[in-house]
(Lines of atoms letter the chains of each structure in order from A and count residues from 1; the text may use other names and numbers.)
(Lines give C-alpha, C1' and ligand atoms only; values in the text may rest on other atoms or scores of the structure.)
Protein backbone atom coordinates (compact mmCIF):
# COMPACT_ATOMS: atom_id res chain seq x y z
CA UNK A 1 0.00 0.00 0.00
CA UNK A 2 2.88 2.39 0.83
CA UNK A 3 3.82 3.14 -2.82
CA UNK A 4 0.23 4.17 -3.62
CA UNK A 5 0.02 6.81 -0.88
CA UNK A 6 0.59 10.50 -1.51
CA UNK A 7 3.36 12.29 0.36
CA UNK A 8 0.71 14.03 2.46
CA UNK A 9 -0.93 10.69 3.38
CA UNK A 10 2.46 9.19 4.31
CA UNK A 11 3.33 12.18 6.46
CA UNK A 12 -0.08 12.24 8.19
CA UNK A 13 -0.03 8.49 8.96
CA UNK A 14 3.56 8.59 10.22
CA UNK A 15 2.82 11.59 12.45
CA UNK A 16 -0.23 9.77 13.83
CA UNK A 17 1.88 6.66 14.50
CA UNK A 18 4.51 8.88 16.13
CA UNK A 19 1.91 10.25 18.53
CA UNK A 20 1.00 6.70 19.50
CA UNK A 21 4.66 5.68 19.96
CA UNK A 22 5.33 8.69 22.20
CA UNK A 23 2.26 7.76 24.27
CA UNK A 24 3.67 4.24 24.72
CA UNK A 25 6.93 5.75 25.94
CA UNK A 26 5.03 7.61 28.67
CA UNK A 27 3.59 4.44 30.17
CA UNK A 28 4.83 3.93 33.67
CA UNK A 29 5.16 0.99 35.96
CA UNK A 30 5.53 0.76 39.71
CA UNK A 31 8.83 1.94 41.19
CA UNK A 32 9.42 -1.54 42.60
CA UNK A 33 9.60 -3.05 39.12
CA UNK A 34 13.21 -2.90 37.96
CA UNK A 35 13.16 -5.80 35.49
CA UNK A 36 13.88 -5.31 31.80
CA UNK A 37 11.52 -7.51 29.82
CA UNK A 38 7.97 -7.93 28.60
CA UNK A 39 4.78 -7.14 30.48
CA UNK A 40 4.48 -9.08 33.72
CA UNK A 41 8.21 -9.70 34.10
CA UNK A 42 8.41 -12.12 31.19
CA UNK A 43 11.56 -12.41 29.01
CA UNK A 44 11.91 -10.01 26.12
CA UNK A 45 10.17 -11.25 22.99
CA UNK A 46 12.18 -9.01 20.67
CA UNK A 47 13.65 -11.17 17.94
CA UNK A 48 17.08 -9.79 18.80
CA UNK A 49 16.81 -11.72 22.09
CA UNK A 50 14.58 -14.62 21.09
CA UNK A 51 16.08 -17.93 22.15
CA UNK A 52 19.02 -16.18 23.84
CA UNK A 53 17.23 -14.96 26.96
CA UNK A 54 15.11 -17.25 29.12
CA UNK A 55 13.94 -14.73 31.71
CA UNK A 56 13.59 -10.97 32.18
CA UNK A 57 16.75 -9.08 33.06
CA UNK A 58 16.67 -8.15 36.76
CA UNK A 59 17.89 -4.59 36.07
CA UNK A 60 19.50 -2.23 33.56
CA UNK A 61 23.05 -3.38 34.34
CA UNK A 62 22.14 -6.98 33.54
CA UNK A 63 20.51 -5.89 30.28
CA UNK A 64 23.51 -3.83 29.15
CA UNK A 65 25.98 -6.51 30.25
CA UNK A 66 24.15 -8.96 27.99
CA UNK A 67 23.70 -6.50 25.10
CA UNK A 68 27.28 -5.20 25.03
CA UNK A 69 29.00 -8.23 26.56
CA UNK A 70 30.74 -5.69 28.83
CA UNK A 71 30.47 -5.75 32.61
CA UNK A 72 29.73 -2.30 34.12
CA UNK A 73 33.28 -2.13 35.53
CA UNK A 74 34.75 -2.63 32.03
CA UNK A 75 32.62 -0.15 30.09
CA UNK A 76 34.68 3.00 30.63
CA UNK A 77 37.87 1.27 29.52
CA UNK A 78 36.24 -0.51 26.56
CA UNK A 79 34.60 2.65 25.23
CA UNK A 80 38.01 4.25 24.72
CA UNK A 81 38.19 2.18 21.53
CA UNK A 82 36.12 3.38 18.54
CA UNK A 83 34.93 -0.12 17.66
CA UNK A 84 33.05 -0.27 21.00
CA UNK A 85 31.00 2.94 21.13
CA UNK A 86 29.14 3.84 24.34
CA UNK A 87 25.42 3.51 24.77
CA UNK A 88 23.25 5.85 26.87
CA UNK A 89 23.46 3.69 30.00
CA UNK A 90 21.69 6.27 32.16
CA UNK A 91 18.66 6.72 29.90
CA UNK A 92 15.28 5.50 31.13
CA UNK A 93 13.68 2.25 30.08
CA UNK A 94 10.30 2.82 28.44
CA UNK A 95 7.54 0.67 27.01
CA UNK A 96 8.38 -0.10 23.41
CA UNK A 97 6.52 -1.87 20.59
CA UNK A 98 9.86 -2.94 19.11
CA UNK A 99 8.55 -4.03 15.70
CA UNK A 100 7.02 -0.99 14.04
CA UNK A 101 7.21 -2.16 10.45
CA UNK A 102 4.51 -0.71 8.23
CA UNK A 103 3.05 -4.22 7.94
CA UNK A 104 2.09 -3.88 11.63
CA UNK A 105 0.22 -0.60 11.25
CA UNK A 106 -3.33 -1.16 10.00
CA UNK A 107 -5.01 1.78 8.27
CA UNK A 108 -8.55 2.49 7.13
CA UNK A 109 -10.82 5.23 5.86
CA UNK A 110 -13.85 5.95 8.02
CA UNK A 111 -15.78 6.95 4.90
CA UNK A 112 -14.91 6.73 1.21
CA UNK A 113 -13.68 10.34 1.11
CA UNK A 114 -12.14 10.48 4.58
CA UNK A 115 -8.37 10.53 4.99
CA UNK A 116 -6.58 7.34 5.95
CA UNK A 117 -6.25 6.85 9.71
CA UNK A 118 -4.55 4.26 11.83
CA UNK A 119 -7.04 1.63 12.92
CA UNK A 120 -4.63 -0.50 14.95
CA UNK A 121 -1.03 -1.34 15.67
CA UNK A 122 -0.64 -5.11 15.75
CA UNK A 123 2.08 -7.70 16.45
CA UNK A 124 2.91 -6.93 20.07
CA UNK A 125 4.92 -10.03 20.95
CA UNK A 126 8.23 -8.11 20.74
CA UNK A 127 7.04 -5.30 23.01
CA UNK A 128 8.47 -4.64 26.44
CA UNK A 129 10.49 -2.35 28.67
CA UNK A 130 13.61 -1.36 26.73
CA UNK A 131 16.02 1.59 26.63
CA UNK A 132 14.52 4.81 25.32
CA UNK A 133 16.85 4.62 22.31
CA UNK A 134 15.53 1.19 21.28
CA UNK A 135 12.46 2.19 19.25
CA UNK A 136 14.21 4.90 17.19
CA UNK A 137 17.22 2.66 16.50
CA UNK A 138 15.25 -0.47 15.71
CA UNK A 139 12.79 1.42 13.49
CA UNK A 140 15.66 3.14 11.68
CA UNK A 141 16.79 -0.37 10.64
CA UNK A 142 13.50 -1.00 8.82
CA UNK A 143 14.47 0.56 5.46
CA UNK A 144 17.66 -1.54 5.40
CA UNK A 145 15.64 -4.58 4.29
CA UNK A 146 13.92 -2.66 1.50
CA UNK A 147 15.22 -1.83 -1.94
CA UNK A 148 15.58 1.15 -4.22
CA UNK A 149 13.15 4.03 -4.16
CA UNK A 150 10.98 2.48 -1.44
CA UNK A 151 14.00 2.36 0.91
CA UNK A 152 14.78 6.05 0.40
CA UNK A 153 11.13 7.02 0.69
CA UNK A 154 10.54 5.06 3.90
CA UNK A 155 13.81 6.28 5.45
CA UNK A 156 12.66 9.90 5.30
CA UNK A 157 9.43 9.11 7.19
CA UNK A 158 10.82 6.79 9.92
CA UNK A 159 11.81 9.70 12.24
CA UNK A 160 8.16 10.85 12.28
CA UNK A 161 7.15 7.46 13.69
CA UNK A 162 9.84 6.61 16.23
CA UNK A 163 11.87 9.76 16.63
CA UNK A 164 15.39 10.43 15.46
CA UNK A 165 18.16 8.01 16.30
CA UNK A 166 21.30 10.18 16.17
CA UNK A 167 24.05 8.68 14.02
CA UNK A 168 26.43 8.01 16.93
CA UNK A 169 23.69 6.20 18.87
CA UNK A 170 22.51 4.22 15.86
CA UNK A 171 26.10 3.20 15.09
CA UNK A 172 26.55 2.01 18.69
CA UNK A 173 23.25 0.08 18.52
CA UNK A 174 24.27 -1.54 15.23
CA UNK A 175 27.77 -2.38 16.53
CA UNK A 176 26.34 -4.38 19.42
CA UNK A 177 23.60 -5.85 17.25
CA UNK A 178 26.19 -7.21 14.83
CA UNK A 179 28.42 -8.41 17.68
CA UNK A 180 25.45 -10.45 18.93
CA UNK A 181 25.05 -12.00 15.49
CA UNK A 182 21.49 -10.75 15.17
CA UNK A 183 19.89 -9.91 11.84
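Residue numbers (my numbering): 66 to 248.
Cβ atoms here follow ideal geometry from the backbone N, Cα and C, with glycine treated the same way.
The structure presented is a predicted model; accordingly, all values stated were derived computationally and were not measured.
In the DSSP assignment, residue 193 falls within the beta strand (DSSP E) that extends over 193 to 196. Boundaries of the beta strand (DSSP E) around residue 185: 181 to 186. Here residue 101 is buried: its Cβ has 16 or more other Cβ atoms, across all protein chains shown, within 10 Å. With a contact defined as Cβ atoms closer than 8 Å, residue 163 and residue 203 qualify at about 6 Å. Of the other Cβ atoms in all chains shown, 16 or more fall within 10 Å of the Cβ of residue 111; this residue is therefore buried. No Cβ-Cβ contact shorter than 8 Å links residue 244 with residue 169. Contact between the stretch 205 to 224 and the stretch 170 to 187 is absent: fewer than 3 CB-CB pairs across the two stretches fall below 8 Å. Using a Cβ distance threshold of 8 Å, residue 219 and residue 231 do not count as a contacting pair.
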